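For the sequence shown, my numbering begins at 1473 and goes up steadily by one. Just so you know, even glycine gets a beta-carbon here, dropped at the ideal spot from N, CA and C. Because the structure is a prediction, the values reported are computed rather than measured. Taking it in order: structure first as structure tokens, then the write-up.
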Amino acid sequence: MSHSTQNANPLFTSKIHYPVDFDSHCESNVSYGLDPSLVMDIYYPKSMKSRVPVVIFVTGYPDFGFEQMTGMKLKDVQQYISWAQLFASSGIVAITYSNVNPEKDIFTLLEFLDDNAAALGIDPNKVSIWSCSGNVPNALSVLTEKTQVKCAAFLYGYTIDEGGAQAVDDASKSFGFVNPVNVGLLANLPPILVVRAGKDEMPGLNDSIDSFASQCLKHNKPLSLLNLPNSNHAFDVVDNQVCTKQAIHTILGFFKEHLIC
């Protein structure tokens, strides 16, 4: 498949179905590690009178593999760009990034942000996570290590295999995303918003969400579940309907509640 054909896929070229009024700036390809390929794009709010909260778009795909599939880096996908612009226009710094080793590089990024928070203008005590689809298992691994994460939202994402299930592991092998062993995940969870697309066609994905949600509730964890019965996988870019805009509004409100209010 040619890159031009791959790039025509609306999953990678479409913006989210939500009005975005971004009138600030993005600092592109800022190095965050010794490897020159480790760079991030930082979307800033227009007005920054003090250090501001930050949301990190955690990926679970190595860029080399993702580029082979799509012809672009994940941080250059329009979905990510428009989401990042939406957060920035709402007063939250948004960071997308490239990576070589997803499991390792996200922690390199977090360490860089912590060490350089003042220079970057971010509040190291108000770090949050946004992740979707096959990226979520790696995002969950962050929560097992970084207990200072304020909140996280997971959209139509594979989570964990429970009770002998293998859907997440099988999908990881099929689609090429990492699937870390998230031992002790439920011990110190921050507030989490899980968004479930009822018509998601990805094999075993919703089963993994249902199992994860059940475990969170069983252990009385701060979980919010948003179920969209008539929505598809990647609804934010493929479903142009009222419930999509309402869901995006709810997701944005979740972050504002935990980072700004």
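Residue i to residue j span [Cα, whole Å]
{"i": "K1547", "j": "A1706", "result": "16 Å"}
{"i": "C1733", "j": "P1675", "result": "38 Å"}
{"i": "P1663", "j": "K1622", "result": "7 Å"}
{"i": "P1517", "j": "D1493", "result": "11 Å"}
{"i": "S1474", "j": "T1485", "result": "Confidence is the limiting factor: at S1474 the pLDDT is only 34, short of 50, which leaves the residue's position unreliable, though a coordinate-based value still follows. Answer to the nearest angstrom: the Cα atoms are 15 Å apart."}
{"i": "N1699", "j": "D1587", "result": "38 Å"}
{"i": "E1539", "j": "G1648", "result": "12 Å"}
{"i": "Q1550", "j": "K1487", "result": "5 Å"}
{"i": "D1642", "j": "A1669", "result": "20 Å"}
{"i": "V1650", "j": "F1727", "result": "26 Å"}
{"i": "G1543", "j": "L1592", "result": "30 Å"}
{"i": "P1596", "j": "Y1552", "result": "22 Å"}
{"i": "E1583", "j": "Y1628", "result": "27 Å"}
Under 8 Å between C-beta atoms of residue i and residue j
{"i": "K1598", "j": "V1526", "result": "yes"}
{"i": "L1612", "j": "L1657", "result": "yes"}
{"i": "P1482", "j": "V1709", "result": "yes"}
{"i": "V1640", "j": "S1605", "result": "no"}
{"i": "V1524", "j": "I1594", "result": "yes"}
{"i": "V1655", "j": "T1616", "result": "yes"}
{"i": "F1529", "j": "T1568", "result": "yes"}
Buried/exposed call for residue i, threshold 16 Cβ in 10 Å
{"i": "P1574", "result": "buried"}
{"i": "T1477", "result": "Legend: pLDDT at T1477 = 38, less than 50; position of this residue unreliable, value from coordinates given subsequently. Exposed, by the Cβ-count rule."}
{"i": "Q1557", "result": "buried"}
{"i": "G1505", "result": "buried"}
{"i": "T1531", "result": "buried"}
{"i": "L1689", "result": "exposed"}
{"i": "V1714", "result": "exposed"}
{"i": "P1694", "result": "exposed"}
{"i": "S1646", "result": "exposed"}
{"i": "D1495", "result": "exposed"}
{"i": "S1522", "result": "exposed"}
Top-ranked residue by Cα proximity to residue i, from the options
{"i": "A1637", "options": "N1481, T1580 and S1683", "result": "S1683"}
{"i": "L1630", "options": "K1645, G1648, K1622 and V1608", "result": "Per the sequence presented here, residue 1630 reads as Tyr, with Leu not at that position. Among K1645, G1648, K1622 and V1608, the Cα nearest to that of Y1630 is on V1608."}
{"i": "H1721", "options": "W1555, D1495 and E1539", "result": "W1555"}
{"i": "L1697", "options": "G1563, V1714, A1624 and R1523", "result": "A1624"}
{"i": "D1507", "options": "F1529, N1571 and N1610", "result": "N1571"}
{"i": "K1618", "options": "K1545, Y1628, G1635 and F1579", "result": "F1579"}
{"i": "K1576", "options": "N1610, L1592 and F1559", "result": "N1610"}
{"i": "S1561", "options": "L1592, S1600 and S1519", "result": "S1519"}
{"i": "H1497", "options": "P1534, S1522, D1711 and F1559", "result": "F1559"}
{"i": "N1501", "options": "S1522, M1541, I1601 and K1545", "result": "K1545"}
6 Å CB neighbourhood of residue i in its chain, flanking five on each side removed
{"i": "S1503", "result": "V1511"}
{"i": "E1499", "result": "I1514"}
{"i": "F1626", "result": "S1603, V1608 and V1666"}
{"i": "H1730", "result": "K1622, C1623 and P1663"}
{"i": "Q1718", "result": "none"}
{"i": "P1701", "result": "G1670"}
{"i": "L1581", "result": "Y1504 and Y1569"}
{"i": "D1711", "result": "S1703 and N1704"}
Closer than 8 Å to chain D by CB, residue i
{"i": "H1691", "result": "Given the protein chain composition of this structure (a single chain), no chain D is represented."}
Proximal residues to residue i (C-beta, below 8 Å), its chain only, five neighbours per side dropped
{"i": "E1673", "result": "N1704 and H1705"}
{"i": "L1724", "result": "L1558, F1559 and S1562"}
{"i": "H1489", "result": "D1708, V1709, D1711, N1712, Q1713, T1716, K1717 and I1720"}
Chain-order list of residues whose beta-carbon lies under 7 Å from that of residue i (same chain, five-residue window excluded)
{"i": "S1509", "result": "S1570 and V1572"}
{"i": "A1685", "result": "V1666, L1695 and L1697"}
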